[in-house]
Amino acid sequence: MVLHPPPHQHEQFILKSALYSRLLVLSLTITWRILASPYDSSAPLNLPCLTANHTLASALENGIVWDSVYFVRIAQCGGYEYEQTYAFLPLLPISISFLSRFLSPIFAPFVGHRAVLAFSGYLICNVAFVFAALYLYRDPEIALRATILFCFNPASIFYSSIYSESLYALLSFAGLYYFVKGGNNLASLFFALSGCARSNGVLNAGYLCFQTMHRAYNAMFQQKRTALALGTVIAGALRSVFVFAPFVAFQAYGYYNMCKGRLPDELRPWCKARVPLLYNYIQSHYWPENFFSLGFRTSIEEKSSGVVFLSDDFYRSKKAGNVDKSSVKAKENSNLTKRKKVTEGAVGEVHMAEPATRPGYFSACVLPFVLHLAFMAATAFFVMHVQVATRFLSSSPPVYWFSSYIMAHPTKYHRWGYVIWAYSAAYIFLGSLLFSNFYPFT
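So the mapping is simple: my numbering equals the position in the sequence shown, first residue as 1, plus 7.
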């Protein structure tokens, strides 16, 4: 009999691993920033209103690179000044601005307001990462390995920078946790908030749609209760609309600021569209993402990272999908008699899925997670630049679940565990060097 440490010890280990991984990434970032010369020297440039010339302030502001510039600028100005800034959703800037209001009276006189904003952003993102790791872990063994893999994932540099990845991961993992536990209202709330952090947060509504279809089918064809099926569909639709609402509201906010009250000659092209979607226009106009963007990249580093990550995701989706077919069939046969016994129950009392015949991450219960990952991987492969693909997919739990499964069976998958760790370590090392010095990095 194998004895496992109690869950609280695992959680303490995960907490330490998450903290140590963030300290490692931040230490590497600071070290490389000191030793290497930045490719783009614009990071230390201050706005005219900032006159503080403190060493600590310079160190903090030098870390405001790439998309961090936009997040800090939005928080600093209290809104969106230019069209392209609407590509960055408001949750992180709002959080930075809110926290900086408490820190500014203490630290701003010494380091300046922009440095306080930078510190607030770093604090929020790294703390959010730690809590995201705790939410990802809820079972022993494979889940423990999966969470440790998340702590040291290839996109780690983005989770320790002023990027929205950490907030998105925290809110998505929290939503998934409550979703699996049956707390659909809390899950919907966290999914909606994830849509305030990143646009792909709206895809989390897919979990609710999958659950709704499953429950409606069960109510209609197994229980023969049309009213229950209709109530299930209505409840699921309302929750899905709730998840989409923040993103739609942000698009309406952008339309009001950029299009409302303008003369026809001053209107931007997207304002005149039948469905004026600001986000889609910005992505295509300022950051063109074309069909098969991966294939037209010329950087060896970019291609290798994207191919490894995307092929890994497609393999996992296919592997889980093949197993799910037999699992679903066995599940339906074993649960048919159970469903016939159900004669009463409310919408909220019908679970997402009955336990499948095969337990663990190859059960039928994992199907919505695999479908979500497959859709994200296909989107990343066909219409997304490799610079975005790695971090875009790094917040998907199945990536770590199936990597953990591979590492838990070394005799079956030979040395793939070493390859996974080597890949992650290499990208943590490269990311801290290239990203912090304004060099292109995935």
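Virtual Cβ for every residue (Gly too), placed ideally from N, Cα, C. Being a predicted model, the structure only gives us computed values, none of them experimental.
| Item | Value |
| --- | --- |
| Starting from the C-beta of Y77, find all residues in its chain whose C-beta is less than 6 Å away, skip the five residues before and the five after it, and write them out in chain order. | T92, F95 |
| State whether the segment 195-211 contacts the segment 175-183, with contact taken as three or more CB pairs (one from each stretch) at a distance under 8 Å. | yes |
| Could you spell out the range, first to last residue, of the alpha helix (DSSP H) harbouring P405? | 404-415 |
| Taking C-alpha atoms, which residue in R205, C266, T62, A236 lies nearest to P253? | R205 |
| Using a Cβ-Cβ cut-off of 6 Å (strictly less than) and excluding sequence neighbours within five positions of L151, which residues of its own chain qualify? | H17 |
| How big is the Cα-Cα spacing for F157 and F165? | 12 Å |
| Please say whether S167 and R80 have beta carbons closer to each other than 8 Å? | no |
| Helix, strand or coil for F448, going by three-state DSSP, please let me know. | coil |
| Going along the chain, which residues of its own chain have a beta-carbon closer than 7 Å to the beta-carbon of P100, five neighbours each way excluded? | F78, I81, A82 |
| Tell me the rounded alpha-carbon separation between E88 and G261. | 11 Å |
| Could you check the C-alpha separation between F376 and P283 for me, to the nearest Å? | 31 Å |
| Using CA atoms only, rank isn't needed, just tell me which of Y144, A153, S163 is closest to Y185. | Y144 |
| When the Cβ atoms of the segment 239-254 are set against those of the segment 219-229, are three or more pairs found closer than 8 Å? | yes |
| If you check the beta carbons only, do I427 and M414 fall under 8 Å apart? | yes |
| Mind listing, in chain order, the continuous alpha helix (DSSP H) runs of no fewer than 4 residues lying wholly within the segment 97-174? | 98-118, 120-143, 149-158, 163-166 |
| Starting from H379, trace the alpha helix (DSSP H) in both directions and tell me its first and last residue. | 374-390 |
| Among W408, A140, V390, which one has its Cα closest to the Cα of K23? | A140 |
| Cα-Cα, which of G202, R121, L441 is closest to F249? | G202 |
| Provide the residue span of the alpha helix (DSSP H) that contains T62, from first to last. | 62-69 |
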